[in-house]
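Residue numbers (our numbering), protein chains in the order written: chain A, 1 to 215; chain B, 1001 to 1595.
Dropping the structure here:
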């Protein structure tokens, strides 16, 4: 009975939200799920990247491993990014002394904190991103990946559609950017003082986007 | 997106509520399945980004929920549990109906003997109801005092709620997580537009669960404002916040956001989180610790005066000398320690039992801090149009614990060993079990006077803050006051136990147009146990609930009605309905009665 009831109601409602020129019904699957799950008082919590994932992305994109303690500290010093206790990720400073153990394990509790989307996460993300984009080594590391070269040319090429896609896919490896996203990123070059500055703006925008942290 | 849908998104939140078919909260309890379905469709169309379109000012348009949980469960008949709301309801003190040995006294009257006094369950008329006698007194304000009855102008007391469970901790959670999964605090945060949607202190995070992954920020510690806002500070010099590049980055991300919903339906929320972060990163915060200290100090002063300002003392409650006489010794019993369990207050200067020392102001743990956090998170920095949070959960500590400070203990040391005295100072075992009728009356009256004073000040601040479209922030805010349970008054007047089958739940909000009391109670309490044969608040059946007593789900649905959120307990109707055109609630149940 419930399925029949849903069918009767969804058709007129979703018809109203259908582009009129299409001439056919378009069932918006996400909208239907939203309605149905709300009615059933059941919903899905999004997966949000925990600190290990975030750190690994920064490591892959900017080559932070072992040479960017500031990044590691920013991620690990608080619970904003969530995640489990990873004692093996601590840095051995010698003399049985380890960095970050308390931070990683939240004061030794060893709990797994759920990762959530929240403003603090994106504030830290922005600060980390801009720190990395403005760092010479980390910027060069990322640009090599963008341009797919082993060593950077003495003069960086201006951003193009192809290379903007490369920058975007540093963070979003699965989905290529749509044309309007490429265009929007290209617009960031307007008024830039140099090609390097253009790239820094593009990398910053892609890096601070929440999209790669929610899946 | 069709034009009609776009138009719907363009409605501001208030207009949306006015124009929606059901009003999510108002209709959902009593609505047909079709109405519920339509309500959810419309709710789904409303995105939280819509409300933010107007800028910072829009953050004040969120429905705000402040939950104040009174841990350890004070006896409620002194404050928000009217036992004779109509003035002539069925009532009995205990077997023999003798007020001399009853827990249910709210006032002492002169007795027959020299210096004697006799207890009474006294009331005072407030609005259309008779509230406990304490409401006839005054409460402290920053500049003087006001009648406590003024606090009741926008108040709903729900009584006779059966929690179906006896547990300090679990029943406390049940107040805001009634189903065990969806929390009222989380449901409010899920639709919030404020940058730190859910905050609180004192363990408020234990009550919290967001279905959309919205996180909770703890506001404990000595400098909570800085702690909460520090991630956003020191942000100058960033491209993200710069005047030239920042807007360009925003535009690029806005294009990404347009596709975000196709990948994950809650991903747009994360884009909003980033914008909220940027907003805070662009704000220059200063003197946060000083701001917290100043607000906390304001509430500490109110609390201290509630305990020690003789101009606020209420005749028959805070009487000073000569108490004794006809009251049984049980009425003076104090539960001071786990080993001796019982001591009797032997001093004659009752008024100073809670002392007037400076530490009185912190004797109710988290009250001053919690109110400071609530005021700051709801209203933002002085002069800055920014509401930081929409869901604030404050767990107060103590109840009787800590109210009895050094002075009272020292007065009572004739029956307390040195070891026990030290234990009293170190442990938090003092609660209502072995605290006699008179001691409860004076201690809890002061506790509730302090709470009332703080609530009145917070509400005054909310009323002073106008919002777009008319009205004040108090019209968008509900303050819920609850505890794990009420107390079941023990026969003999020597203490009170876990009254889980007769608790109460109180709301303050501009959405509540007057003083309201709902819920039926049993006047004998007999079914709860032979030790509790009095009118202490034991729930009674209500015809609107198909002959069930009120349940915590009914209270939760009532909160949901005010908040315009789906109730976490859809099978338990609300005590009220909400008029979408006015935003005000009306009772959906019969007048309260004792059966």
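For each residue, glycine too, the CB sits at the ideal point set by N, CA and C.
Going by DSSP in three states, residue 1231 of chain B sits in which element: helix, strand or coil?
It is helical.
Report the residue from B/1103, B/1104 and B/1218 whose alpha carbon sits nearest the alpha carbon of residue 1197 of chain B.
The shortest CA-to-CA distance from residue 1197 of chain B to any of B/1103, B/1104 and B/1218 is the one to B/1218.
Closer than 7 Å to chain A by CB, residue 1064 of chain B:
Output row for residue 1064 of chain B: interface = no.
For the candidate residues B/1548, B/1087, B/1585 and B/1561, whose alpha-carbon lies nearest to that of residue 1511 of chain B?
Comparing Cα positions, the closest option is B/1585.
Based on DSSP bridge pairs, tell me the residues matched to residue 1124 of chain B.
B/1131, per the DSSP bridge assignment.
Please confirm whether residue 64 of chain A has its beta-carbon closer than 7 Å to some beta-carbon of chain D.
Of the chains in the structure shown, none is chain D; the protein chains are A and B.
If you measure from the beta carbon of residue 50 of chain A to each beta carbon in chain B, is any gap under 7 Å?
Not an interface residue.
Tell me the rounded alpha-carbon separation between residue 119 of chain A and residue 1273 of chain B.
Inter-residue distance for residue 119 of chain A and residue 1273 of chain B is about 5 Å (C-alpha atoms, whole angstroms).
Can you find the residues in the same chain that come closer than 7 Å, C-beta to C-beta, to residue 1547 of chain B, ignoring five residues on each side of it along the sequence?
Same-chain partners within the cutoff: 1541.
Near residue 1040 of chain B, which residues of its chain fall below 6 Å by C-beta distance, leaving aside the five closest residues on each side in sequence?
With a pLDDT of 32 at residue 1040 of chain B, under the threshold of 50, the predicted position of this residue should be treated as unreliable, and no value is reported.
Within-7 Å CB hit, residue 1060 of chain B to chain A
At least 7 Å separates the CB of residue 1060 of chain B from every CB of chain A.
When you compare only the Cα positions, how much space is there between residue 1255 of chain B and residue 211 of chain A?
Each residue's alpha carbon lies about 12 Å from the other.
Can you pull the DSSP bridge partners for residue 1107 of chain B?
Answer is B/1120.
I'd like the span of the alpha helix (DSSP H) that includes residue 1289 of chain B, first residue to last.
Residue 1289 of chain B -> alpha helix (DSSP H) spans 1288-1308.
Could you tell me which residues DSSP pairs with residue 1198 of chain B in its beta bridges?
Partner(s): B/1216 and B/1391.
Assign residue 1478 of chain B to one of three DSSP states: helix, strand, or coil.
In the three-state reduction of the DSSP assignment, residue 1478 of chain B falls in the strand class.
Measure how close the beta-carbons of residue 1151 of chain B and residue 1452 of chain B come, nearest whole angstrom, since I'm counting them as under 8 Å.
Contact holds; Cβ gap of about 5 Å.
Residue of B/1437, B/1282, B/1121 and B/1524 minimising C-alpha distance to residue 1236 of chain B:
Of B/1437, B/1282, B/1121 and B/1524, the smallest CA-CA separation from residue 1236 of chain B is found for B/1282.
Closest Cβ-Cβ distance between residue 1281 of chain B and chain A: below 7 Å?
For residue 1281 of chain B, at least one C-beta of chain A is nearer than 7 Å to its own C-beta.
How would you write the range of the beta strand (DSSP E) that residue 1548 of chain B sits in, first residue to last?
Bounds of the beta strand (DSSP E) holding residue 1548 of chain B are 1548-1551.
Within the continuous alpha helix (DSSP H) that includes residue 1370 of chain B, where are the two ends?
Unbroken alpha helix (DSSP H) run through residue 1370 of chain B: 1367-1379.
Reduced DSSP category for residue 1566 of chain B - H, G, I as helix; E, B as strand; rest coil
In the three-state scheme derived from DSSP, where H, G and I count as helix and E and B as strand, residue 1566 of chain B is classed as coil.
So what does DSSP say about residue 209 of chain A, is it helix, strand or coil?
Here residue 209 of chain A sits in coil by DSSP.
Given this structure, state the Cα-to-Cα distance separating residue 1310 of chain B from residue 1299 of chain B, to the nearest angstrom.
Each residue's alpha carbon lies about 18 Å from the other.
Expressed to the nearest angstrom, what Euclidean distance is found between the alpha-carbon atoms of residue 1083 of chain B and residue 1583 of chain B?
In a straight line, the C-alpha of residue 1083 of chain B is about 29 Å away from that of residue 1583 of chain B.
What residue range does the alpha helix (DSSP H) around residue 1489 of chain B cover?
Segment 1486-1489 is the beta strand (DSSP E) holding residue 1489 of chain B; no alpha helix (DSSP H) there.
Residues bridged to residue 1497 of chain B [DSSP beta-bridge criterion]:
Residue 1497 of chain B pairs with B/1488.
Mind pulling the chain B residues with CB within less than 9 Å of residue 127 of chain A?
Annotation: Cβ neighbours of residue 127 of chain A in chain B (cutoff 9 Å, chain order): 1231, 1234, 1235, 1238, 1240 and 1281.
Is there a Cβ from chain B that is less than 7 Å from the Cβ of residue 203 of chain A?
Closer than 7 Å to the CB of residue 203 of chain A there is not a single CB belonging to chain B.
Can you check the stretch 1135-1207 of chain B for any beta strand (DSSP E) of at least 3 residues that lies completely inside it and give the ranges in chain order?
Runs found: 1138-1141, 1144-1147, 1155-1162 and 1198-1201.
Should residue 1175 of chain B be labelled buried (16 or more other beta-carbon atoms within 10 Å of its own) or exposed?
Within a 10 Å sphere around the beta-carbon of residue 1175 of chain B sit 16 or more other beta-carbons, which makes this residue buried.
Roughly how many angstroms separate the alpha carbons of residue 1465 of chain B and residue 1569 of chain B, rounded to a whole number?
Whole-angstrom Cα-Cα distance: 32 Å.
Tell me whether residue 1396 of chain B sits in a helix, a strand or coil according to DSSP, three-state version.
If DSSP states are grouped into helix, strand and coil, residue 1396 of chain B belongs with the strands.
Just checking: is the beta-carbon of residue 176 of chain A within a distance shorter than 7 Å of some beta-carbon in chain B?
No - not a single Cβ of chain B is within 7 Å of the one on residue 176 of chain A.
Taking 6 Å as the cut-off, is the beta-carbon of residue 1137 of chain B closer than that to any non-hydrogen atom of the ligand NAP?
With respect to the ligand NAP, the structure shown offers nothing to examine, as it has no ligands at all.
Along the stretch 129-144 of chain A, what residues have a CB closer than 7 Å to any CB found in chain B?
Answer set for the stretch 129-144 of chain A: 130.
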